[in-house]
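Respectively, the protein sequence lines represent chains Z and B.
Counting with the working numbering, you get residues 526 to 1409 for the letters of the first sequence.
Counting with the working numbering, you get residues 1346 to 1488 for the letters of the second sequence.
Don't be surprised by glycine CBs; every beta carbon is placed ideally from N, CA and C.
For clarity, every value in this text was computed on a predicted model and none was experimentally measured.
One structure below.
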Amino acid sequence: MSFFRLKDLIRAVRVCKTATDERNVIRRESAAIRTSFKEVESQDARFVNVQKLLYIYLLGFPVQFGQLECLKLAASPRFSDKRVGYLGVTLLLDEKQDILTLLTNSLKNDMNNADDYIVGLALTTLSCVASSEVANDLADEVERLLDSPRSYLRKKAALAAVRIVRREPDLADAFVGRVGALINDRHHGVKMGGLILLEELCNYSQEALEAGRKLVSVLARQLRGLATSEPSPEHSVRGINDPFMQISLMRLMRVVARGSQEASDELNDVLTLVATLDDTASNVGTAILYECAVTALAIPSDQPLRVLAINLLGKFLANTDNNARYVALATLSAAVITEAPSVQRHRDTVLQCMRDDDISIRRRAVDLSFALINAENVKHIVNEILRVLPHIDLEFRSSMVYRLSAAITLYADSHEWHVERMLRVLSLGGSYLNARDLHKFIRLIAAQVDEGLQRRATRISFALLDRDISQDKMVIAGVWLIGEYADLLVARSQQQQAADSKAVAAAKSPGLDEDDLDILGALGRPIKESAPSEPNVPAALDLDQDLPEAIPEPADVVRLLSSISRSPVISSPARRMTLTALAKVAGRFADQPSVLSSVRTALAHHTHSMDQEVQARAVEFEKLLSNELDTVRAAVVERMPLPEYAEVPYEEYVLNPTAMRMKALTVIKRPAIQPEDLIGDGSAGGSKAATTAAAAEANKQSVVSDLLNLMDEAPAAAPSSPPPQPQQQSRMDSIADLLSSTTLSPIPASSQATSPVSESAIINNDDLGKEYSVFNEHGLKITLTPTKKPSAPQVIDLLAKFTNIGESAISDVAFLVAVPKSQKIQIHPPSGQHISVGANITQLLRVSNPSKSAIRLRMKISFTEDGQKHESMFDYSGFPASIV
Amino acid sequence: MIRFILVQNRQGKTRLEKWYSNYSEHERNKLKAEVHRTVASRDQKHQSNFVEFHNHRIVYRRYAGLFFCFCIDTNDNELSLLEAIHLFVEVLDAYHGNVCELDLVFNFYWVYSVLDEMFLAGEIQETSRSVILSRMEQLSALE
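Given below as structure tokens:
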């Protein structure tokens, strides 16, 4: 059964109680329409059917089968048929469909029709669905209609031309000659169409741009006329004369005057006039001012006008209207690149907008706040952003944390501030920090020559973790610091004690709340094992206060780490890191049996963990802490060398992605702290300086090695060694295995007394520069030649020379060296891995020996000679006592 | 330019749609659902009338139970488009006299006529209320 009229169908659909009923009605009706299309060839039936079909389409049901019927209906001579037919075409067809070419002919006929209404209909349809093919075919007709005596058709033809040019930019030139007449047309709608057409043409045609520049004075005169004359009743909106025309004029001005000083000068006065005339009381007024500001900023206008434009936008920010604030923030973000000083003046308003009710405004305000950061205001803005970070929408946080760490890294004036702010970022949004920034931060601390900063960072981390372990990256960074610098965390020499008590006194200065005092009092307070697992949200840290520092006892350190490791809220990597920290703490306080035993207890808890990695770590460390490994443990848990890390600089527009999108030409160079600056010169003396200098060098060479990663980091030199392990924990295992499986006596963990030799004596030592033979087997002879540089008396360079004294070539040479704990070694890449008969290769070993203990080397050599693989491990301590 | 115009009710039923850019059937349906989700969930009192939408921006205004949504380029003047929406609704109101959702349902084809008189090729065509209304009268006289 079919409904006779559209109205009946609509009623039938409306009385449906459920979606199923509705679907049934539609399905039945669709079927009836389809049958009717097939059987009845009358235009009347088609008219009704297509009408009903369009309604069904609007309800969201598929009606593609009716496309052809729409075309047929459009070909009917009757106006009402055409109207429905063309409506169907615009709704059901998109320009990708082949069937569209069938439309070309009927559009062409209709555009030549004597009836203006039909011509108008055809132009409307063309403006909606023209594909590039149709555009090519009908461009001539449209061009002809631009001269039509009827303003109604000229108006529509102008916009149809816009569509044609969009689809087929090559046709742009054909219309350029016409726009002048359109813009000067008496009729309002035609004039507006002309403005839009010219704006579009300028995108594709240089000729149009030149034509537009010739019209600049006309545009300026028209805009001045609109802005100053009495509002015409027909086009004014809320007392403002023809806002849409004013905006179209300014849009066009923006396009033609961009990059033209001459045109901009001509527009300067009229734009200043518009900027001062209107007010922001109504939406239309704001719209005009907004367009004016955008235009003034986009063209090379005078400085006073630019400042005026920025101030207009600044005024929008104070507006109660959300819409005005929104557009102002968007425009200021783009303008900050070129107009930084004027935009900075509105900084506080912008920062305030980060707390707006509207998420779009918050998003923009956050973007703009970051864009405003420079070396002078970085502290203020970073503080403000940190203040909103805990309250802002979750979706913004990771990008905010990323940009915060970028801003802090780029603009930090001191490492203290850098570390302190990063710890705050970590504690407030640590879970959102990406791994690269985390590593950057850890590396920064590890690279510090000054132990004071490491101590402070570790103590702050301890206090922060004691409060809250919900931020995953904070846990990772914090436990790493605690494990690495546990000795600094608790060390209390007399001087330090005095300094600490001062620090504590400072921290206890007025304004500190109960909670903070409690944290500071955590020294002797036993930490409840279950505390971190409780979902208690700690009070936010006051940004104006120093971060709390804790100076715990070793037992407290173990207790905190143990409770963190058991907390259900932390991630698996954080848990593994915590276990590593525990193992390190055991090494740092090896002289305290109580610490050792509580670490064992803490580790034992995880030996049955469901997480395979965690369990593996726990079992390994438990083994490491057992008595039979007493002698090697200290070496294994030795402090890590400066982590190797390829510095990836931040992108240029990290703080202002809007500017990047706009491909702004201005390039801002920001001073960045160079890694070299962090490292003291080796000649500065002091053991720390020497080791870090050596470590820095090692980093440059991308080969750093010491006892801990001996087995892993040498793949360049030792292809036969086990593949590198991703986790540092595994490195420790592998070296532990290596050492425990050998029958040789372990290297003494600490060296005996050293003979005091003056520095100059060391350098002028005769024993230096001689060759010491250390190995001679299977045709391979290894000699070591020690040398020293006067600038670094603690560092001994050992040049290893591998000479083939046999009768066949030697290949796959891999040489590994380890030194006692008190010394550090750095192995440079060898000059080759293959030695032909009689030839030699060399490899530089750099031993840093700040404690002047005797040089002892444990070496492992593997090579292939005559197809036979040889491997040997041996010790050497035969250097004269003067070489230390 | 205006990419598309949608008029939807609070349940997400589309009462009017006009596409000025090329979207396939599938994309259109996806966009309709997405626009509804984006716009209907916004707080009408405390939020702006603009919302970022993919690489474009939606300017919308709510009249009773209907959302009038215009998807525009990011370099367009949002405030003026907002004014244009209002003008469109005023014209609908003047033509039909206190227009409501049901009027749009029953008379969707003349709503499209008004739309085609006001907007063309994704641009504002006519901003004079009287011109549009007299044009509409002439058209209905032809039926």
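With a beta-carbon spacing of about 5 Å, S676/Z and V715/Z fall inside the 8 Å limit used to define contacts. Your pair A853/Z and V795/Z does not check out as a contact, with CB atoms roughly 22 Å apart and the cut at 8 Å. Beta-bridge annotation (DSSP): Y1405/B is paired with C1414/B.
Taking a contact as a CB-CB distance under 8 Å, the pair I910/Z and V1004/Z does not count as one, their CB atoms being some 26 Å apart. For T615/Z, the nearest CB of chain B lies under 9 Å from its own CB, placing it at the interface with that chain. Rounded to the nearest angstrom, the Cβ distance from M1165/Z to A972/Z is 12 Å, too far for a contact under 8 Å. Contact annotation for F769/Z against chain B: S1425, E1428, A1429, L1432, I1469 and T1472 [CB-CB distance below 9 Å, chain order].
If you look at E547/Z, you'll find it in the alpha helix (DSSP H) that goes A544 to E564.
Not one beta carbon of chain Z lies nearer than 9 Å to the beta carbon of H1381/B.
In the three-state reduction of the DSSP assignment, Y1440/B falls in the helix class, which pools H, G and I. Taking a cut-off of 8 Å for Cβ pairs, the stretch 1381-1394 of chain Z and the stretch 570-583 of chain Z do not touch, as fewer than three such pairs fall below it. Between V780/Z and F562/Z, the alpha-carbon positions lie close to 50 Å from each other. At a cut-off of 9 Å between C-beta atoms, K680/Z counts as an interface residue with respect to chain B. Note that the C-beta distance between L830/Z and S858/Z is not below 9 Å. In terms of Cβ geometry, L684/Z and I721/Z form a close pair [threshold 9 Å]. Q1140/Z has its alpha-carbon roughly 6 Å from the corresponding atom of H1133/Z. Per DSSP, reduced to three states, the secondary structure at R1360/B is strand. R1360/B is a Cβ neighbour of V1450/B, given a cutoff of 9 Å. Ranked by how close their Cα comes to the Cα of R1406/B, the residues V1380/B, Y1365/B and S1485/B have V1380/B in first place. Counting the other Cβ atoms within 10 Å of the Cβ of A900/Z gives fewer than 16, which makes it exposed.
By the Cβ neighbour-count rule, T649/Z is buried, with 16 or more other Cβ atoms within 10 Å of its own.
In the assembly as shown, H1391/B is an exposed residue. Its beta-carbon has fewer than 16 other beta-carbons within 10 Å.
Between A1075/Z and F966/Z a beta carbon distance of about 20 Å is seen, past the 8 Å cut, so the two are scored as non-contacting.
For L1465/B, the secondary structure class from DSSP, reduced to helix, strand or coil, is strand. The beta carbon of A782/Z lies closer than 6 Å to those of A788, S789, L792 and I824 in the same chain, with the five residues before and after it left out. Non-local beta-carbon contacts of I813/Z in its own chain, meaning distances under 6 Å to residues more than five positions away in sequence, involve P768, Q771 and D803 in chain order. Using beta-carbon distances, D1461/B counts as an interface residue toward chain Z, with a partner under 9 Å.
Residue D1438/B holds the alpha-carbon nearest to the alpha-carbon of N1452/B among D1438/B, Y1368/B and R1355/B.
In this structure, R608/Z sits near Y1454/B, with a CB-CB distance shorter than 9 Å.
For T856/Z, the uninterrupted alpha helix (DSSP H) run begins and ends at N847 to A860, by DSSP. In the assembly as shown, K1313/Z is a buried residue. Its beta-carbon has 16 or more other beta-carbons within 10 Å. In this structure, the beta-carbon distance from P1355/Z to Q1319/Z does not fall below 9 Å. Distance check between V573/Z and each of G1403/Z, L978/Z, S605/Z and R548/Z places S605/Z closest, using alpha-carbon atoms only. Proximity to G645/Z across R1382/B, D1388/B and Q1483/B peaks at Q1483/B, based on C-alpha coordinates.
Neighbourhood of E816/Z in chain B, by CB distance below 9 Å: N1422, L1424 and S1425, in chain order. The beta carbons of R1348/B and E1362/B sit no closer together than 9 Å.
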